[in-house]
Every structure is written in C-alpha cells, then in structure tokens.
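Here's the structure we're looking at; comments come further down.
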Amino acid sequence: MNNQILKVTGLTMDFGGIRALNSLDLDVNRGEIVALIGPNGAGKTTFFNCITGIYAPTEGEVYLSSPGTDTSVSLKGLKPNQVTEKGLARTFQNIRLFAKMTVLENVMIGRHCRTQAFVLGAVFRNRATRDEEQSILETSYAILEKVGLEQHVNEFAENLPYGAQRRLEVARALATEPLLLLLDEPAAGMNPQETIELEKLIKEISSEGQSILLIEHDMTLVMSLSDRIFVMDYGKKIAEGTPAEIRENPAVIKAYLGEDVDA
Amino acid sequence: MLLINELKKALGVALWFIFLTFPIMVIKVDPIERIIRYRWQNAAYVAIVTFTVYLVMSFLKMRKLRVTADKKEVKKSQNIIHSILNNKKQMAVLSFVILAIAIVFPQIFSTYQTNVMTTALMYVVLGLGLNIVVGMAGLLDLGFVAFYAVGAYSYALLNYHFGLGFWVVLPIGGCLAAIFGIILGFPVLRLRGDYLAIVTLGFGEIIRLILENWGEFSQGPSGISNISRPSFFGIDFSLETSIMYMYYIMVLGVIVTIFVVNRLQDSRLGRAWIALREDEIACQAMGIDKRKTKLAAFSLGAFWAGLIGVVFAAKTTFINPASFTFLESAIILSIVVLGGMGSIIGVIIGAFILILMPEYLRALSEYRMLAFGGVMVAMMVFRPQGMIANIRRTYKFEKQK
C-alpha cells in the first residue's frame, strides 16, 4: 500500500538565528519525478543538504522506504555516506566531479558503497576481489552507455564539455543504485541544446522506474518533466500540485513576480 | 634579437646587484690604517655570478614556456622512465638488472657501502609508506617519524625486557605503529591541509618528548643499547655477515613494499583515496566512508614506518630519542615531495638521492642544509610535481570485440 519512497515531515533548519527551512513537508512517490522550485535563496539546496546528511537538521524527520517493503528507515542523523548507502544519491549545483580522474573512474567511485574489497583484498587480490573489480568496470561502463558518455570513457573528467560533466554527475549518482535520485539544478548553465538532451536523459532514466527529485530554475524543463511540483519561498512550502495547478497558483506567481504595486 | 635583449637585461641585473652589494662587498673600512679599501674584484665576482644566474634562469624559463606551448613536446619529455614503466618487456629486463645488482652489491662493495645502502633502502620504504598518506590520500603528515619511533622502541623494549627476537617483533612493531596511526587519525579526521600538518607535527614531537622524559619506560635520553641483531633461524652472525644479512632483509622489504603499495594504488581503496584527495564532500555523497578511508591511509602508512623502526633498532643496536626528531620527518617528506608525490618510482629515486648524496659528499657536509634548502626551493619553482611526476595508471575500458 505504501507507495511513498521519501517522506519528509516538519523539516526545520536553523543557522544561528536564521531559519533556513521552516517545518517543511514533502513526499515523493515511487517512479515519480518531483520538482522543488522557488526563488533564489528559498532554501532548496539547504533542503537537499539536510536530507543527504551534509547538514544536521534542527527538527523534523526524513524517512526513506525501499520498494517491496512497508518498513522505512529514518535518515536523520546519518552521515552523508550512510545516506547514500541507504539509497539517496545526489548531484551538486556547482559540479563536483573528481577532475583528475577519468570519466570511468568517476563512475567507479559511485560503485564504492556497493562493493567491499578493503586492504587485504587489495593486497592479495584474490578471486573475489578480481571478480568485484571486473563487475565494477562493467557496471560503470553500462551506466556510461546509458547516459551517452561512452565515447569519453577514458578521458579526464575536467576535459569534458560542460553538458557532459553534468551528465557524468548523474551517471556517478546512478552508479550508487539509488532508490531516489536527487538532482540539484541539473540544467544550470546549459545551452538550449544541452537542456533538451538532459530532458531526454531524465525522461529515459525515469521510464526505467527511477524516482527523481529535482531542483530546477528552468521552468520549461520543470513543467514538462515533473509529475508534481513543490514550491518554496523563505524556507516555507507555499504550494504543491501538478504543473498545471502550480502555473495558476496565485501564491507562486506572487513569490516569483511580486505583488501588484497599485493594488 | 631575443638573445641580445636577454643579455642586455642580464647586464642590467648584474649592474644593479653591484650597486646593491657595493657597501658590503666592495667597501671595506680599515680602522687601523684609517683608510677605506675598495675590493673591486668582489664587484666583478658579483657581476659574473648574477649575470650567469640570470641567463640560466631566463633560459630555463624560456624552455619551460616552449615546452608548455607544445604539448607533444611535453609528452616526449614526459620521459624515458614512463615509457619504460609502460613497456612490460623493458620493465621486466630493468627490474631483473636492478635485482641482480642489488644481490651482488654486498659481495662487491665494502661493508661500509653495504651499510649505507641499507640505510638508503630503509628510507625508500619509509618514503613509500609516507607516500600512501601524503601522495595517495593527500593528507600532509609532518609527524611521520613518531611511528618510526614506535616501531624502534617496541623492538628495543620488548627485546630488553622479554628477550623477544627480531622476527617476532617485526609484525608487532608494525601493528603497534598502525594502532598509533589510528590513534592519531581519529582526532584529525576533520582537519585538512595546514591544520592537519600542524597537529601531526605536534604528535611527532609529543612522542619524542615522552620517550625523552619518561625515564622509567624508555630510559630517557640515554637510550637503549645492546639490542640484538636479527638472527637467521637461531643462528647468530658475525658483525660483517650481520650487516650483509640486514641488507638482504631490506632488499626483500623494499620489494614487498613496492608490491603492496602498487596493489593498494590499483584497488577500490586506492581509488577512494584519490577521490578523497580531489573532493571530500562529493566523495562522501558518493557513499565513501571518509573516516574509514582516512584511517586506513594513516594506519597503513604508519605500519611501514613501524616495520622500518624495528629494522632501524636492530641495525644500529642502539636507539635514543635523538634519532626521532622533526628533521627526520622533514627528510622523509622531502623524499616524497622531491621524488614526486604519489609516484612510486619517484619516491625510490628521491630516497636514494637524499640519503646517498650527503653520505658520499661528506666533505661538503657543512653545506648540507644549505644545499637541501636550495634544492627544495628550486624544485618548487621549476618542477613542483617532483622529479618523476606521478602519471597515474588510469582504468581503461576496452570494449570486447
């Protein structure tokens, strides 16, 4: 019955005296693309940082439930790497690739939390370790094929064009086998052509059943992609609904355009 | 045209230096005869030296510019060593030759030479150990000598109190040092860069001061003497054979270290270290446990230092805290930086240069530190990546046809 994959209730984040997030509720259903929008400084990235463990939220709960089960795990208080292990992978607003590693290696890092070999495995390189390394290589390459970066596989990440770097971030996040993929402004700084390609990519990933939560400023992209939209302003949720509903919502229009002066 | 310009500039620099150094280098007041002497030959020396130094520097600068302008040139000059490393056949031949030389070395050369070479090999292993921490994981550790001391003292004390032999203590010393690595690692997990360097520097000093002042435990500054040399299945050797034996142990040690470090570099853990060096936040977001990965680097590095500490105690048969000063850490770090951070072959060459050069240039030992500093500065200016830059073997994916 439980179709929710992520459930956030009453999430609050204070930085000293400033309340960046004010009792925010949000949920994502399985297989959905949900967008989180809002004017600059509304607290969208803070929200991402809170649920991925980079910040410890002041109050509130974050639950993630895996498919096929009714049990859900609380992500509150976990470290970023543990959150990723539980199944929440993200990309960054300002690209954070491992610049001096190759495209393939970047994706291989994403496989890290799904593999085990440690010091002894590395030194003795036994059967299990070799098989694991081989499977890391193959899975990583398959993911690169999926996002269309296979021709760049052995290049350094820093030498990729901007749009490709963005897609590599998505690939790296996908390599962790996330239950929910968080995209922080994936289209920021892209030209129209790259944005169209990105839209195609996100749709493709979504069609394979991947649930996605994204922050985005490009309204055309948001409106065409998302199943549901949450709108934030000043750390509060001011609206939620389908793209059509959001477009008509007076509170959203007010937040983006301001009030009429001569009213 | 360019050359004339440079010459003109060099001349200008030389004249300027004569002017600047005139009061100290040329004028000399003779208070007895109440006259002022002008030592014009000094001015000439200053001129010649500055003139040539300037020309050499501008030549190097021009060459550097030209090289960076033409990337193909870089690849060509990215040199013979790398091409050998990448060629399996040449590599096999080369390593065979080196191994053969290493084996016959003590038969050909004197005991003194063998002893010196043993020391150099010890520093190779120390350098490779520190390379795990500094080169691969990117954690600047200035207190590496602390782990070396832990290894040395664990052998000295266990031998003194319980009569334990070299081979028994070797793994114990390594593991103890690794534990100390973890103890140091925990509080510094959050620190990066300069802050980390300062804390590790402090840790190194703390260990030394404890050894110096806790007399009941470590016998204080007077140290521990009469530590037994390693035996061979219960057989004790004469001094000369013992030195030779020590040498072979170190040759074996170096081979094992190279093997292990190489494998670590090409593993899941090695990848995680490189990623951690690149971007810590992204690394964690990708599910890498920062704590576990960093502690692994610290303890593995410390492990090698501990092993060599045991070897050091057995080789010299006497240790005291004075052997474990900050200078020692600095030398090991210089080996890594000079050789090329992260580059195994670079660290090996760096260790040989930094340890053997002062040994064979004893006549110039007064200027050792001066030369040392000069070389380091020059390296940072002209070749910050080290003598042998680390060209990491990257993972390649070839589609099966």
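Protein chains in written order, with the numbering used here: chain A, 977 to 1239; chain B, 229 to 629. Positions of the beta carbon are idealized from the N, C-alpha and C atoms, including for glycine. Treat the numbers as computed from the prediction; the structure is a model and nothing was measured.
Item                                                                                                                      : Value
Separation of B:Leu424 from B:Met514, as counted between CA atoms                                                         : 24 Å
Members of the region 512-523 of chain B near chain A, C-beta cut-off 8 Å                                                 : Gln512, Ala513, Met514, Gly515, Ile516, Asp517 and Lys518
Within-7 Å CB hit, B:Lys696 to chain A                                                                                    : With chain B covering 229 to 629 only, the question about residue 696 of chain B has no answer from this structure.
Neighbour flag for A:Asn1025 against chain B, beta carbons, 7 Å                                                           : no
Given 8 Å, three or more beta-carbon pairs between the region 1022-1035 of chain A and the region 1164-1179 of chain A    : no
Element boundaries [alpha helix (DSSP H), containing B:Tyr473]                                                            : Leu467 to Gln493
Unbroken stretches of the alpha helix (DSSP H), 4 residues or longer, contained in the region 349-434 of chain B          : 373-390 and 394-416
Touch test, the region 1043-1063 of chain A against the region 1120-1127 of chain A, Cβ-Cβ under 8 Å, three pairs minimum : no
Own chain partners of A:Phe1074 with C-beta closer than 8 Å, once the 5 adjacent residues on each side are dropped        : Glu1081, Asn1082, Ile1085 and Ala1133
Any chain B beta carbon closer than 7 Å to A:Tyr1117                                                                      : yes
Short-range partners of chain B found in the region 980-1013 of chain A, where Cβ spacing is below 8 Å                    : none
Cβ shell of B:Phe250 (< 8 Å), same chain only, five flanking positions each side left out                                 : Ala271
Proximity winner among A:Thr1060, A:Arg1006, A:Asn1005 and A:Thr1105, relative to A:Asn1025 (alpha-carbon distances)      : A:Thr1060
Minimum Cβ-Cβ distance from B:Arg491 to chain A less than 7 Å                                                             : yes
B:Ile246 in three-state terms, based on DSSP                                                                              : helix
Chain B contact for A:Asn1225 (CB, 7 Å cutoff)                                                                            : no
B:Ser453 (DSSP reduced to helix, strand or coil)                                                                          : coil
7 Å Cβ cutoff, A:Leu1064 in contact with chain B                                                                          : no
Cβ-Cβ distance between A:Leu1150 and A:Leu1190 below 7 Å                                                                  : no
Nearest-angstrom beta carbon gap, A:Arg1142 and A:Ile1188 [assumed within contact, 8 Å]                                   : In fact, because the Cβ distance is near 14 Å, the residues do not count as touching under 8 Å.
Exposure of B:Ser305, with buried meaning 16 or more beta-carbon neighbours within 10 Å                                   : With a pLDDT of only 46 at B:Ser305, under 50, the local geometry of the prediction cannot be trusted, and the value read off the model is given with reservation. So B:Ser305 counts as exposed.
Members of the region 1186-1214 of chain A that neighbour chain B once the beta carbon cut-off is set at 9 Å              : none
Minimum Cβ-Cβ distance from A:Val1079 to chain B less than 7 Å                                                            : no
Within chain B, the residues that A:Thr1047 reaches when beta carbons sit closer than 8 Å                                 : Correct list: empty, because the minimum Cβ distance to chain B is about 21 Å.
Chain A contact residues for B:Gly498, given Cβ-Cβ distances below 8 Å                                                    : Ala1098
Supposed close pair B:Val479, B:Leu349 - CB separation, criterion 8 Å                                                     : 7 Å
Assumed close pair A:Leu1054, A:Gly1029 - CB separation to whole angstroms, cut-off 8 Å                                   : 5 Å
Residue nearest to B:Ile411 in terms of C-alpha spacing, selected from B:Gly578, B:Ile577, B:Ala374 and B:Thr622          : B:Ala374
6 Å CB neighbourhood of A:Arg1223 in its chain, flanking five on each side removed                                        : none
Contact list for the region 527-552 of chain B against chain A, Cβ threshold 8 Å                                          : Leu528
Residue environment, A:Ile1205, which counts as buried when at least 16 other CB atoms sit within 10 Å                    : buried
Chain-ordered chain B contacts of A:Lys1020 [CB-CB under 7 Å]                                                             : None at all; the shortest Cβ gap to chain B is about 16 Å.
Proximity of B:Ser564 and B:Gly402 at Cβ, strictly below 7 Å                                                              : What sits at residue 564 of chain B in the sequence shown is Val, not Ser. Taking 7 Å as the Cβ cut-off, B:Val564 and B:Gly402 do not qualify as a contacting pair.
Identity of the residues DSSP links to A:Asp990 by a beta bridge                                                          : A:Arg995
Reference B:Ile232, options B:Val277, B:Gly529, B:Gly614 and B:Phe287, closest by Cα                                      : B:Phe287
Residue-chain proximity (B:Val488, chain A), Cβ-Cβ < 7 Å                                                                  : yes
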